[in-house]
Every structure is written in C-alpha cells, then in structure tokens.
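In terms of our numbering, the sequence shown opens at residue 30 and continues consecutively.
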Amino acid sequence: MTAATLHGSSDSAQGRARPGWLAWWLLIVAAMVVLIVAVGGITRLTESGLSITEWNVASGILPPLSEQAWQAEFAKYQATPEYRLEAGPAGMTLADFKAIFFWEWFHRLMGRAIGLAFALPLAFAWVRGWIPRGYHLRLVALLALGGLQGVFGWLMVRSGLGGEMTDVSHFWLSIHLCTALVTLAGLVWTALDLHALDRDRGARPAILRPLAIGTSLVLFVQILLGAWVAGLNAGLASNTWPLMQGQLVPEADMSRGLFWAVTHDPFLLHFLHRWFAWIAFAMLLALGWKALAREGNAGKAVIGLAIGQVLLGIVTVLSGVSLWIAVAHQVTGALLVAATAASAHAIGTRSTPGEA
30 MTAATLHGSS
40 DSAQGRARPG
50 WLAWWLLIVA
60 AMVVLIVAVG
70 GITRLTESGL
80 SITEWNVASG
90 ILPPLSEQAW
100 QAEFAKYQAT
110 PEYRLEAGPA
120 GMTLADFKAI
130 FFWEWFHRLM
140 GRAIGLAFAL
150 PLAFAWVRGW
160 IPRGYHLRLV
170 ALLALGGLQG
180 VFGWLMVRSG
190 LGGEMTDVSH
200 FWLSIHLCTA
210 LVTLAGLVWT
220 ALDLHALDRD
230 RGARPAILRP
240 LAIGTSLVLF
250 VQILLGAWVA
260 GLNAGLASNT
270 WPLMQGQLVP
280 EADMSRGLFW
290 AVTHDPFLLH
300 FLHRWFAWIA
310 FAMLLALGWK
320 ALAREGNAGK
330 AVIGLAIGQV
340 LLGIVTVLSG
350 VSLWIAVAHQ
360 VTGALLVAAT
370 AASAHAIGTR
380 STPGEA
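What follows is the structure, given as structure tokens:
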C-alpha cells in the first residue's frame, strides 16, 4: 500500500467524521450530569443516601412493586446504623422510608440513564466512523470516568452502612462529587473542541493556559472543601455571616493535630470554605475577564455564576442550610465548573497553526 493510498484512506475517515453531531451529544450528556448533581444534592440533604443498602445494577432498576417487597427493603434499612441511631428513634415509618427511598432510587436510575446515553451513541458513532482522528481515546476516558463514578457512588454508600456511622464518609462523598464535576468539565471541553473542528476541519484542540490551570486548581480545592462541609453537616456550624458564633475565626478542635482539624473539624472546615471562596472568586473573575475577549458568552457566564455562587453560599448559611437554597448552591457550583471549562477553552483556543 502506497503512502498516497494511506493518506487518501485517512482523509476519507476524516470526511466521514461528524464532530458537530458529537459536540451536541456531549453537551446533552453534560446537561444530564448537571441534573444528576442536583438530584444528588437533594438525596444528601434529605438523608436519603443510605436507604438502598445493596448495589444491583440490573434488578435495582425497578423500585419495590409490592407491600412485601417494601417491607423487605425497609428491614434492610432498619439494620443500618443510621436507622438504629437516628431515624428509628425519631419514629420513621414505612411511608417516611418510601420518601427517602425514592430519591436514592431516582439518583441511581439517572446514573444508569447517563451511562446508556453516553455508551450507546459512542458505540454507534465508533462503528459508523463518525469520531474524528485523535478523539477515540478521549471519549473512552470519559466513559471510564462515568463507570468509576458508579463504583465510587457505591463505595460512598457502603462507607455509611457499618459500624456506628450515621452518614457516608465525607471523603468518599468528595471523591464521588469531584469525579462527577471533572467528568462534566471534560464533556464540555471535548464538546467545544469538536464544535471548533466542525466549523474548521483544520482546527486544533485547545490547550490549558496557566491562568486556566491555576483557576481550575483553586476551584477544585473550594469544591473539595464544600464536599467535606456537606459530608460533615458543617454548614450547620454557623447561621451567621460574616462572623461565626460572634467571632471571625471560630474555635476548632486542634487536639489531634492541624491535619486532622483541617479534614475533620466542622467549624474549621466551614471557616475555610467560607473564606477560601474569595480566592476562588477572584481567580474566576480574572478568567472570565480574559475569556470575554475570546468568547464573550463563556466569560459572562463565569462572572455571573461566580457572583451568584457567592451570594447563594451566604444565603445558604443564613437560612440554616434550607433544602432548596442548598440545592441551588450545589447546582450553581456544577454550572460554574462547566462555565470555567468553557472559559478555559476559550483562552486556550489556537486560532492559527503557528500559535503556541
């Protein structure tokens, strides 16, 4: 086979590629990820996450369909520390159990739906030759992240089923949430690369600029702190702002060392999440301002969402972690991750082959 034949075959494969179709598909999946983050927030805030004590990929699709089946599920939940130490003494009934079961079941159902919404079109596009050269591995990596998300979700639930734990591990909660948001960022970034390729078949993938890397790292730390605050119910450590219990810096338990306090003490974590937010806010504004010149909508979205997220964070505290305000805070955080990815992509776009 001659070099000309190989080149012609490569051009033919690229000619069959449908980057525009793939871009829209990835954005739809990204929207589904934002939705599942919202449902995950509701599941956590309503203490529903431990209501299903098993991980049945196929049989778990359907909820209990008879009174006997409901009683069996309730019996499994009654064996958990959460029921024995909290829900049971509080007088939980079967009707109460059905309410929390719904959110965990729906959360898992959405996870399955997202997996199918990604895997089936990916397989179809692969067979049809619609995936452009250089994107196969990236799409497989996103699929793997989605699979890991399911595994991490179960490990998170399992962490709350033994011993005297009445909640899931805040570490597994943070892994579960951060994996979802990293996947979301990857979906948005890849969709934008494909969209650029659809407009110009000579377009190259965007690169991460130093400002984008710095902002992403700071935002990651802030999200990590937020996940720990959520997992430890540290949002309830104070319902005043800017002071906590009448002072700027709250008293923290340092008896087991600084590292333990930073990763476990609810008062210190609340304080860190509250004030590190301003560093993240400044970085996000800088990124948004830089992106305005390249892609105005992405820059405006980052700036607007950053302002909204700060305000929602304050209102969440003042409301005593009201359910729907807290959910809005989590959803806005997910949207902010997507907008950050879009802005980072905008400033990393290489418009000419010679541009670094």
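Beta carbons are placed, not taken as given, at the ideal position from N, Cα and C, and that holds for glycine.
The model shown is predicted, which means the values in this text are computed figures rather than measured ones.
Burial state of residue i, where buried means 16 or more other Cβ atoms lie within 10 Å
| i | result |
| --- | --- |
| G37 | Note on G37: pLDDT 41, under 50, position unreliable in the model; the coordinate value appears next. With fewer than 16 Cβ atoms within 10 Å of its Cβ, G37 is classed as exposed. |
| I386 | For the chain, the structure presents residues 30 to 385; residue 386 sits outside this window and is missing. |
| V247 | buried |
| I332 | buried |
| A128 | exposed |
| A385 | With a pLDDT of 44 at A385, under the threshold of 50, the modelled position of that residue is not reliable, and the figure given next carries that caveat. When all chains shown are included, A385 counts as exposed. |
| D282 | exposed |
| L202 | buried |
| A371 | buried |
| W54 | buried |
| R303 | buried |
| Q178 | buried |
| R157 | exposed |
| A154 | buried |
| R137 | buried |
| A108 | exposed |
| A263 | buried |
Delimiting residues of the alpha helix (DSSP H) encompassing residue i
| i | result |
| --- | --- |
| W201 | 199–228 |
| Y461 | Since the first residue shown for the chain is 30 and the last is 385, residue 461 is missing from the structure and cannot be characterised. |
| N268 | That residue, N268, is in no alpha helix (DSSP H); it is neither H nor E in DSSP. |
| I129 | 123–157 |
| W257 | 239–260 |
| W289 | 287–293 |
| T369 | 352–377 |
| V86 | Per DSSP, V86 belongs to no alpha helix (DSSP H) and is neither H nor E. |
| A335 | 325–347 |
Test: residue i CB closer than 7 Å to a CB of chain D
| i | result |
| --- | --- |
| P271 | No chain D appears in the structure shown, which is made up of a single protein chain. |
Residue i, DSSP secondary structure in three states
| i | result |
| --- | --- |
| M312 | helix |
| M61 | helix |
| M185 | helix |
| T31 | Legend: pLDDT at T31 = 47, less than 50; position of this residue unreliable, no value from coordinates given. |
| Q276 | strand |
| I71 | helix |
| A104 | helix |
| A281 | coil |
| R47 | coil |
| A306 | helix |
| L94 | coil |
| R233 | coil |
| G317 | helix |
| L172 | helix |
Pair within 7 Å by beta-carbon distance, residue i and residue j
| i | j | result |
| --- | --- | --- |
| L253 | T82 | no |
| G49 | L237 | no |
| T219 | M312 | no |
| L261 | P234 | no |
| I143 | V356 | no |
| I242 | M139 | no |
| L361 | G337 | According to the sequence shown, residue 361 is Thr rather than Leu. Yes, these two residues count as a Cβ contact at 7 Å. |
| V346 | W270 | yes |
| L226 | P279 | no |
| A52 | L166 | no |
| L151 | L123 | no |
| P285 | W159 | Note on identity: in this sequence residue 285 is Arg, with Pro being the wrong assignment. Not in contact: R285 and W159 (Cβ atoms no closer than 7 Å). |
| V366 | A173 | no |
| T195 | P110 | yes |
| P251 | A309 | It should be pointed out that residue 251 corresponds to Gln in this sequence rather than to Pro. It is a contact, given that the beta carbons lie within the stated cut-off. |
| N268 | G342 | no |
| S188 | V180 | no |
| L316 | L364 | no |
Closer than 6 Å: residue i CB and nearest the ligand FAD heavy atom
| i | result |
| --- | --- |
| F300 | Absent from the structure shown: the ligand FAD. Ligands present: none. |
When you compare the region 144–151 with the region 49–58, are there three or more beta-carbon pairs, one atom per stretch, that lie closer than 8 Å? Three or more Cβ pairs drawn from the region 144–151 and the region 49–58 lie within less than 8 Å of each other, which places the two stretches in contact.
Using 8 Å as the Cβ pair cut-off and three pairs as the minimum, do the region 206–216 and the region 251–269 touch? Verdict: yes, contact present.
The region 126–139 contacting the region 77–93, beta-carbon criterion three pairs below 8 Å: Contact holds: three or more Cβ-Cβ distances are below 8 Å.
Take every Cβ of the region 221–235, pair it with every Cβ of the region 359–376, and state whether three or more of those distances are shorter than 8 Å. Yes, the region 221–235 touches the region 359–376.
Determine contact between the region 293–307 and the region 323–333, defined as no fewer than three beta-carbon pairs at a distance below 8 Å. Too few Cβ pairs lie closer than 8 Å, so no.
Is the region 315–322 touching the region 343–359 in the sense that three or more CB pairs, one from each, lie closer than 8 Å? Flag = no, the region 343–359 and the region 315–322 do not touch.
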